Amino acid sequence: MKNLNVTLFASFLFLTCPALTFAMPAKVLLIRHAEKPTEGDEGMELSQKGWLRAKALPHLFNHNEFINLIERKVVLIAMGQRKSNSSIRPIQTLKYLSEYLNTKIETPFTRDNYHLLVSQLKSDSYYNNKTVIICWEGTVLSSIARSLGVYPVPELRKRDFDRAWVLDFNTNGALSRFQDLPQRLLPGDADR
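For the sequence shown, our numbering assigns the number 34 to the initial residue and increments by one for each residue that follows.
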């Protein structure tokens, strides 16, 4: 009788509860914030070169490898400020892209709460079939990529501000392709 009750209860749950849905963006673009002030001249804002990269960022989508990223609805997410004196470089990096796409920059997560970001990407249907562009601090960007299924994660050196990681997901939410691409936006950027 106990097994029959368990079976009946399981059948009831299956028939009456809405199906669990799996959410995942179609594509995720991970970029490090643009250049910061040189060592000894730390600050929470971009350097002059960083502002040049931020202004050039909309041109990234003129390159063949990136054109299809903005063919669908785009969500911009930047690392939020933890305190009033914390870095705003990721937000500044997306400023001109936000204007170009006429899309607001969302900043719901701070530097070390990236796992909450990844969890939300995987569970919130708001992101389904969209392109999500994420701008974060370089040391944590690798952790975000790893949490989204990238292995091995390419190394980002301290001077690497010109890379873009493109993650494609299949309809089941599994990572189907990863690309480590050059931005090719400013003189001196890597060309491959």
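Quick reminder that beta carbons are idealized off the backbone N, C-alpha and C, glycines included. These numbers come from a predicted model, not from an experiment.
Exercise. For Ile167, which residues from the same chain have a beta carbon less than 6 Å from its beta carbon, with the 5 sequence-adjacent residues on both sides left out?
Worked result: If you number the sequence shown from 1, residue 167 lands on position 134. Result list for Ile167: Leu63 and Ile110, in chain order.
Exercise. Got a sec, what are the start and stop residues for the beta strand (DSSP E) Glu215 sits in?
Worked result: Indexing the sequence shown from 1 puts residue 215 at position 182. Residue identity check: residue 215 is Pro in the sequence provided, not Glu. For Pro215, the enclosing beta strand (DSSP E) covers residues Leu208 to Pro215.
For this session: Check Ile103 in the structure and name its three-state DSSP category.
Result: Taking the sequence shown and counting its residues from 1, one reaches residue 103 at position 70. DSSP places Ile103 in helix when its eight states are reduced to three.
Exercise. For Arg179, which residues from the same chain have a beta carbon less than 7 Å from its beta carbon, with the 5 sequence-adjacent residues on both sides left out?
Worked result: Position 146 of the sequence shown holds residue 179. So the list reads Val186, once near-sequence residues are dropped.
Problem set entry | Beta carbon of Leu154 nearer than 8 Å to that of Tyr147 | Reading the sequence shown from its first residue, position 121 is the one you call residue 154. Reading the sequence shown from its first residue, position 114 is the one you call residue 147. Not closer than 8 Å, so no.
Exercise. Thinking just about the alpha-carbon of each residue, which of Asp213, Gly113 and Ala87 is nearest to the one in Tyr133?
Worked result: Locating residue 133 in the sequence shown gives position 100, where the first residue counts as 1. Checked all of Asp213, Gly113 and Ala87; the closest Cα to Tyr133 is Ala87.
Exercise. Does the distance from the C-beta atom of Leu208 to that of Leu189 stay below 8 Å?
Worked result: The residue given as residue 208 occupies position 175 in the sequence shown. The residue given as residue 189 occupies position 156 in the sequence shown. No, the Cβ-Cβ distance between Leu208 and Leu189 is not below 8 Å.
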